[in-house]
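Reading through the structure tokens given below for one structure.
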């Protein structure tokens, strides 16, 4: 019995060893199988009588107009003409904020007496933050209407007002699931260097349950803005630190006149300067619910901007690029993976994915759509999918890209129905469900806020969806043969922060 049992064991062991080459061959086959992409269906929510619609991409923070339940919030032209052109400078039609979900577009309305509104952010539970006018003239800037921050709370429009004793201009930039709002208001102290050119000091604000708080500024700075707020109630913002000029920040980078820093604020710790890498300009773009912050900062002497990550325990750390020449980190997901751009081994400006491995940050260069293009990674979801823009001349004329682990960067125009009436220009945000939001343009040059829905197993029975898959090689070849058109990026997407220093005129 023992000998028979031993024979059986040895036989099985030998059989297993004999199977190893076959299994290895099968694994190798799986590893070299080309990555496949899903097709996408375009959703154009339309307008309210005017020619265009818009997504709002804030000047110094990641976009937040698509939540993880698939609700898309943006703004669309109405038929009403705005006499001040304050709502839609591109065409002078007043706009109305809207919500799109499951094929239904809802006009969110305006404050009593007003003509325009705009959605800036939507939380996962459907709260929306934005702005609306009230039909009255701004006494400090008579050419402009009074702009108030607003919160849309499941059908109720709440006027957040303005800073107590302040100017009649306040923006609600972001809101979390608890209804805490971060934004920007102005006081009545004249300031020729105020953020966004309003002419008076800008203040970072926090609003909660009817109470508005001025968060102050960093150091002796005069101006600040609160950009984002996470589910822990941590607020991320940008502030002047002092009144010392920053030639880098104002001339090369993103329009800040003085030495500029970034802060994180919460009720327990107050406003904390996240520091610098030695230069005069630090701009944070995103934070996650773990309190990790990413952005760009200049080094000593302000040679250029480089990408960074910050947390309270470790402080600010530079993220690596091929030669550590330049870069920026625009988005971070909950696991700490980061999307941005920087100098690549081929000397070009590549979109980059940074992940931590073996105790170090490592860069994956995502490439670009065409030789000589720059490419910028603007959003990343928990699955590690990255979307952004790629195009020539410092990303002035662009196409939207998608990158997935295992496949090359592809132009999203090659994954949507070929008979579409829109050319996609920008991929600005991707959510947990793989849905993508951005902007496109029609044959007449009109901008359209669009949502792309993947034709996958999580989106069954979507009208018009092509559920076949596209091999990565085919998708990449189609992308390479699809040059960018002449359309410029959306003027409502405030794009100063995406300009790559020096790339327009010189090659690094």
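Numbering (the working numbering), first residue to last: 24 to 531.
Glycine included, every Cβ here is placed at the ideal spot set by N, Cα and C.
For clarity, every value in this text was computed on a predicted model and none was experimentally measured.
Legend entry - Cβ neighbour criterion (16 or more within 10 Å) applied to residue 423: Stepping through the chain shown from its first residue, residue 423 is reached at position 400. Buried, by the Cβ-count rule.
Inset, instruction - Count the other C-beta atoms from every protein chain shown that fall within 10 angstroms of the C-beta of residue 154, then say buried if there are 16 or more, exposed otherwise. - result: On the chain shown, residue 154 is found 131 positions in, with the first residue counted as 1. Result: buried.
Legend entry - Closest residue to residue 462 among 165, 472 and 455 (Cα-Cα distance): Taking the chain shown and counting its residues from 1, one reaches residue 462 at position 439. With distances taken between Cα atoms, residue 462 lies closest to 472.
Legend entry - the segment 194 to 207 / the segment 247 to 264 touching (three or more Cβ pairs under 8 Å): yes
Legend entry - Inter-residue CB distance, residue 351 and residue 319 (contact presumed, cutoff 8 Å): Taking the chain shown and counting its residues from 1, the one referred to as residue 351 is at position 328. Taking the chain shown and counting its residues from 1, the one referred to as residue 319 is at position 296. A Cβ-Cβ separation of about 4 Å places residue 351 in contact with residue 319 under the 8 Å criterion.
Inset, instruction - Consult DSSP for residue 359 and reduce its assignment to one of helix, strand or coil. - result: Stepping through the chain shown from its first residue, residue 359 is reached at position 336. Three-state result, residue 359: coil.
Inset, instruction - Go ahead and pull the three-state DSSP assignment for residue 435. - result: The residue labelled residue 435 in the question sits at position 412 within the chain shown. Residue 435: helix per DSSP, three-state reduction.
Inset, instruction - Grab the span of the beta strand (DSSP E) containing residue 262 for me, first residue to last. - result: Position 239 of the chain shown, counted from the start, is the residue given in the question as residue 262. Taken as a continuous stretch (DSSP letters only), the beta strand (DSSP E) holding residue 262 covers 258 to 268.
Legend entry - Neighbourhood of residue 190 by C-beta distance below 7 Å, restricted to the same chain and skipping five residues each side: The residue given as residue 190 occupies position 167 in the chain shown. Cβ neighbours of residue 190 beyond the five flanking positions: 163, 209, 210, 211 and 223.
Legend entry - Beta-carbon gap between residue 146 and residue 200 smaller than 7 Å: The sequence position of residue 146 within the chain shown is 123, counting from 1. The sequence position of residue 200 within the chain shown is 177, counting from 1. Going by C-beta atoms, residue 146 is nearer than 7 Å to residue 200.
Legend entry - Rounded C-alpha distance that separates residue 443 from residue 113: What you label residue 443 is simply residue 420 of the chain shown in a count that begins at 1. What you label residue 113 is simply residue 90 of the chain shown in a count that begins at 1. Taking the straight line from one Cα to the other gives about 24 Å.
Inset, instruction - Using three-state DSSP, classify residue 417 as helix, strand or coil. - result: Mapped onto the chain shown, residue 417 falls at position 394. It is helical.
Legend entry - residue 323 burial status per 10 Å Cβ neighbour count (16 or more: buried): Stepping through the chain shown from its first residue, residue 323 is reached at position 300. Counting Cβ neighbours within 10 Å, residue 323 comes out exposed, since fewer than 16 surround it.
Inset, instruction - Give me whichever residues DSSP pairs with residue 449 in a beta bridge. - result: As a working mapping, residue 449 is identified with position 426 in the chain shown. DSSP lists 462 as partners of residue 449.
Legend entry - Three-pair Cβ contact test at 8 Å for the segment 93 to 112 versus the segment 323 to 337: no
Inset, instruction - Just the C-alpha distance for residue 100 and residue 385, rounded to the nearest angstrom, thanks. - result: The residue you call residue 100 lines up with position 77 of the chain shown. The residue you call residue 385 lines up with position 362 of the chain shown. Their backbone Cα atoms lie some 44 Å apart in a straight line.
Inset, instruction - For residue 190, name the three-state secondary structure that DSSP assigns. - result: Your numbering for residue 190 matches position 167 in the chain shown. Of the three classes helix, strand and coil, the one that applies to residue 190 here is coil, per DSSP.
Inset, instruction - Between the Cα of residue 430 and those of 409, 263 and 279, spot the shortest distance and give me the residue it belongs to. - result: For the purposes of this step, residue 430 is taken as the residue at position 407 of the chain shown. Of the listed residues, the one whose Cα sits closest to residue 430 is 409.
Legend entry - 8 Å Cβ shell around residue 186 - same chain, five flanking residues per side excluded: Taking the first residue of the chain shown as 1, we reach residue 186 at position 163. 193, 208, 209, 210, 226, 228, 235 and 237.
Legend entry - Helix, strand or coil at residue 71 [DSSP, three-state]: Counting from 1 along the chain shown, the entry for residue 71 is found at position 48. Looking at residue 71 - three-state DSSP - the assignment turns out to be strand.
Legend entry - Assumed close pair residue 122, residue 131 - CB separation to whole angstroms, cut-off 8 Å: If you number the chain shown from 1, residue 122 lands on position 99. If you number the chain shown from 1, residue 131 lands on position 108. Yes, they are in contact, since the Cβ atoms of residue 122 and residue 131 sit about 6 Å apart, within 8 Å.
Legend entry - Residues bridged to residue 377 [DSSP beta-bridge criterion]: Within the chain shown, residue 377 is the residue found at index 354, counting from 1. For residue 377, which the question treats as bridged, DSSP gives the partners 361 and 386.
Inset, instruction - Check whether the Cβ atoms of residue 306 and residue 144 sit closer than 7 Å, and answer yes or no. - result: Counting from 1 along the chain shown, the entry for residue 306 is found at position 283. Counting from 1 along the chain shown, the entry for residue 144 is found at position 121. The answer is no: Cβ separation not under 7 Å.
Inset, instruction - Report yes if the CB atom of residue 390 is closer than 7 Å to the CB atom of residue 339, and no otherwise. - result: On the chain shown, position 367 is the one that residue 390 refers to. On the chain shown, position 316 is the one that residue 339 refers to. In this structure, residue 339 does not lie closer than 7 Å to residue 390 by Cβ.
Legend entry - Reduced DSSP secondary structure (H/G/I, E/B, other) of residue 338: Here residue 338 refers to the residue found at position 315 of the chain shown. Looking at residue 338 - three-state DSSP - the assignment turns out to be strand.
Inset, instruction - Give me whichever residues DSSP pairs with residue 124 in a beta bridge. - result: Here residue 124 refers to the residue found at position 101 of the chain shown. The partner list for residue 124 (beta bridge, DSSP) reads 127.
Legend entry - Inter-residue Cα distance where the pair is residue 230 and residue 290: The residue labelled residue 230 in the question sits at position 207 within the chain shown. The residue labelled residue 290 in the question sits at position 267 within the chain shown. Cα-Cα distance, rounded: 12 Å.
Inset, instruction - With a 10 Å radius around its C-beta and 16 neighbouring C-beta atoms as the bar for buried, classify residue 311 as buried or exposed. - result: For this step, residue 311 is matched to residue 288 along the chain shown. So residue 311 counts as buried.
Inset, instruction - Grab me the residues of residue 188's own chain with a C-beta within less than 8 Å of its C-beta, minus the 5 sequence neighbours each way, in chain order. - result: The sequence position of residue 188 within the chain shown is 165, counting from 1. Closer than 8 Å at the Cβ level, and outside the excluded window around residue 188, lie 210 and 211.
Inset, instruction - Please name the residue in 180, 168 and 266 whose C-alpha comes closest to that of residue 138. - result: Counting from 1 along the chain shown, the entry for residue 138 is found at position 115. Nearest of 180, 168 and 266 to residue 138, Cα basis: 168.
Inset, instruction - Measure the C-alpha to C-alpha separation of residue 509 and residue 450 and round it to an integer number of angstroms. - result: If you number the chain shown from 1, residue 509 lands on position 486. If you number the chain shown from 1, residue 450 lands on position 427. With a pLDDT of 48 at residue 509, under the threshold of 50, the modelled position of that residue is not reliable, and no figure is offered here.
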